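Asks: For the record, in the sequence shown the residue sitting at position 262 is 262 according to full-length UniProt numbering, with numbers rising by one throughout.
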Amino acid sequence: MPERAPLRIAFTNIPRRLWAGGYNYQRNLFEALNRYAPGAVTPVLFAGTADDADEIATLASIPAVEIVRSPVFDHAGAGLARATGLARAMAFGLDGPAVAEFRIRGIDMVFESARFFGWRLPFPAIAWFPDFQHRLLPHLFSRGAYWRRDFGFRVQIASGRHIMVSSATALADLKRFYPGLKNGVSVVRFATEPPASLLATNPSDVIASYKLPSRYFYLPNQFWRHKNHRVVVAALDLLKRRGLDVVVAASGNTQDAREPDLFERTMKEVGSRGLDANFRHLGMIPLDHVYALLRASVALINPSECEGWSTTVEEAKSFGVPMILSDIDVHREQTEGRARYFGIHDAEALAGQMSEVAQTAAPATARHLSPNLEPRVEAFVADFIRLTRDAMGSAAR
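1) Is the closest heavy atom of the ligand GTP to the C-beta of Ser-209 under 6 Å?
2) Cutting at 6 Å between CB atoms, please list the residues of its own chain near His-368, excluding the five before and the five after it.
3) State whether the region 282–289 contacts the region 250–259, with contact taken as three or more CB pairs (one from each stretch) at a distance under 8 Å.
4) Tell me the start and end of each unbroken beta strand (DSSP E) in the region 97–144 that is at least 3 residues and wholly inside, in chain order.
5) Between which residues of its own chain and Val-68 is the CB-CB distance below 8 Å, once the five residues before and five after are set aside?
6) Label Trp-147 either buried or exposed according to how many other C-beta atoms from any shown protein chain fall within 10 Å of its C-beta, with 16 as the threshold for buried.
7) Helix or strand or just coil, what does DSSP make of Ser-326?
8) Assign Ser-310 to buried or exposed, taking buried as 16 or more other Cβ atoms, counted over all protein chains shown, within 10 Å of its Cβ.
9) Can you name, in chain order, every residue of its own chain whose Cβ lies under 8 Å from the Cβ of Leu-5, other than the five neighbours on each side?
10) Could you give the DSSP three-state label for Val-44: helix, strand or coil?
11) Using the Cβ count rule (16 or more neighbours within 10 Å means buried), how would you classify Gln-359?
12) Which runs of the alpha helix (DSSP H), 4 residues or longer, sit entirely within the region 291–374?
13) What number of angstroms, rounded off, separates the C-alpha of Val-188 from the C-alpha of Asn-24?
14) Does the region 118–130 touch the region 163–176, meaning 3 or more C-beta pairs lie closer than 8 Å?
15) Going by the beta-carbon positions, is the gap between Leu-325 and Ala-339 smaller than 7 Å?
16) Report the CB separation of Tyr-291 from Leu-199 in whole angstroms; it is logged as a contact under 8 Å.
17) Please say whether Phe-117 and Ala-98 have beta carbons closer to each other than 7 Å?
18) Does the Cβ of Pro-15 have 16 or more other Cβ atoms within 10 Å, making it buried, or fewer, making it exposed?
19) Please list, in chain order, all residues of the same chain as Gly-79 whose beta carbon is under 7 Å from its beta carbon, the five residues on each side excluded.
20) Along the alpha helix (DSSP H) that carries Ala-235, what are the first and last residues, could you check?
21) Taking the continuous beta strand (DSSP E) assigned at Arg-8, which residues delimit it?
22) Classify Met-164 as helix, strand or coil using the three-state DSSP reduction.
23) Just to check my reading of the structure: Phe-380 and Ala-191 have Cβ atoms closer than 8 Å, yes? What is that Cβ distance to the nearest angstrom?
24) Classify Asp-95: buried if its beta carbon has 16 or more other beta carbons within 10 angstroms, exposed otherwise.
25) Can you say whether Ser-204 is buried or exposed, counting buried as having 16 or more other CB atoms within 10 angstroms of its CB?
26) Nearest to Glu-378 by alpha carbon, out of His-229, Pro-38, Thr-42, Asn-13?
27) Could you check which residue in Arg-265, Val-330, Ala-351 has the C-alpha nearest to that of Arg-242?
28) Only counting the same chain, and skipping five residues up and downstream in sequence, which positions put a Cβ closer than 6 Å to that of Ser-159?
29) Nearest by alpha-carbon distance to Arg-265: which of Ala-145, Ala-277, Asn-302, Arg-230 is it?
30) Assign Lys-227 to buried or exposed, taking buried as 16 or more other Cβ atoms, counted over all protein chains shown, within 10 Å of its Cβ.
31) Between which two residues does the beta strand (DSSP E) carrying Tyr-23 extend?
32) Is it buried or exposed for Gly-77, if we count other Cβ within 10 angstroms and need 16 for buried?
33) Following the continuous beta strand (DSSP E) through Val-270, name the residue where it begins and the one where it ends.
34) What do you get for Gly-144, buried or exposed, if any count of 16 or more other CB atoms within 10 angstroms of its CB means buried?
35) Rounded to a whole number of angstroms, what is the C-alpha to C-alpha distance between Ala-235 and Arg-376?
36) How would you call Asp-51, buried or exposed, if buried means at least 16 neighbouring beta carbons within 10 angstroms?
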């Protein structure tokens, strides 16, 4: 029998400045597919003309990934662009300019992430619902933002998309918030295996470049309200009052369109509490620096109020980094109980966990990839391939 041609799947670029976790997810997926299922999928990434050249080059360097640059996928005025595309998709049943690009490139399937291409889309489609933050934390959304997000989910459901979620926790939320769902749904738990090129940087050099002590906690979350940095600041304040001087190194984008002044207000609070030396925000740093700091940290902290399947937690698992996590269902599911947990608003409990780790941690060391990582990544790829076949089968039926 002739070999099956690779399935050509359209992905849209997710700029790291807008959503680092989304960018890292797609990069990791492409690399894992190439390593563990070569020839099964050709990811075709549609990027805007102004998207970061280095980020696109990193993705283009992954074998089998094809890059298409087009103004149809520009992120300048991202909110307006999404609204315009959605308006076309709803009014005509089709985002015509995007579909024309897909046809030219011989696409077999479309992977929708935060963009709806129309209920008349002439390709099988997978809709990725990363989480249900707007339903779980509605107070963080304006009325308009809430309904735009919810409407987007509903039109994808009504259009018969095969839905992908990243955890059993998210699957339960999907069924609770959208009862009567008849779509095909797949749970695909991702696992990360960073390429050797991102692990070649010497952690000691990175630590020295940011003037960090040899022992520090690491918090690599974007500065969005639900990421809950303020409980970490409060815990540091408690620790300092008790005479324990520890450092949290934080990194990530500082812009939250919903609260443009959130970072500034939080850092003012850091200053007013005399914690400038304890809470060190490094900004948006290169990925190789992220991995270097993670590998050498005393522990990862993720205080988030909501996750679909945390990228930072998964990356910590890849290296066997100890974790102190907010006690939300998905964190328990993702770590199978093998972490320290605290209530999302319980600074006292977080301070206690940090104190125990700081006083009992082994000497500083740069960890290597865990020996049990490969089977997890293989399972992730197998689940994703199964998802694409299920979606193709549903479309054929």
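Note that beta-carbon positions come from the ideal geometry of N, C-alpha and C, so glycine has one too.
Source: prediction; values computed, not measured.
Replies: Based on what the coordinates show:
1) Summarising the ligand content, the structure contains no ligands, and the ligand GTP is consequently not present.
2) none
3) yes
4) 109–112, 125–128
5) Val-44, Leu-45, Phe-46, Ala-47, Glu-101, Arg-105
6) exposed
7) strand
8) buried
9) Looking at the sequence shown, residue 5 is not Leu but Ala. There are no such residues.
10) strand
11) exposed
12) 311–319, 329–335, 347–360
13) 16 Å
14) yes
15) yes
16) 6 Å
17) yes
18) buried
19) Its pLDDT being 49, under 50, Gly-79 is placed unreliably by the model, and nothing is read from it.
20) 229–241
21) 7–12
22) strand
23) 4 Å
24) buried
25) exposed
26) Pro-38
27) Ala-351
28) Trp-119
29) Arg-230
30) buried
31) Counting along the chain, Tyr-23 falls outside any beta strand (DSSP E), though it belongs to the alpha helix (DSSP H) covering 20–36.
32) Confidence at Gly-77 is low in this model, with a pLDDT of 49, below 50, so the placement of that residue should be treated as unreliable; the coordinate-derived value is given next. The residue is exposed, with fewer than 16 neighbouring Cβ atoms inside 10 Å.
33) Where Val-270 is concerned, there is no enclosing beta strand (DSSP E), although the alpha helix (DSSP H) it sits in stretches over 262–272.
34) exposed
35) 34 Å
36) buried
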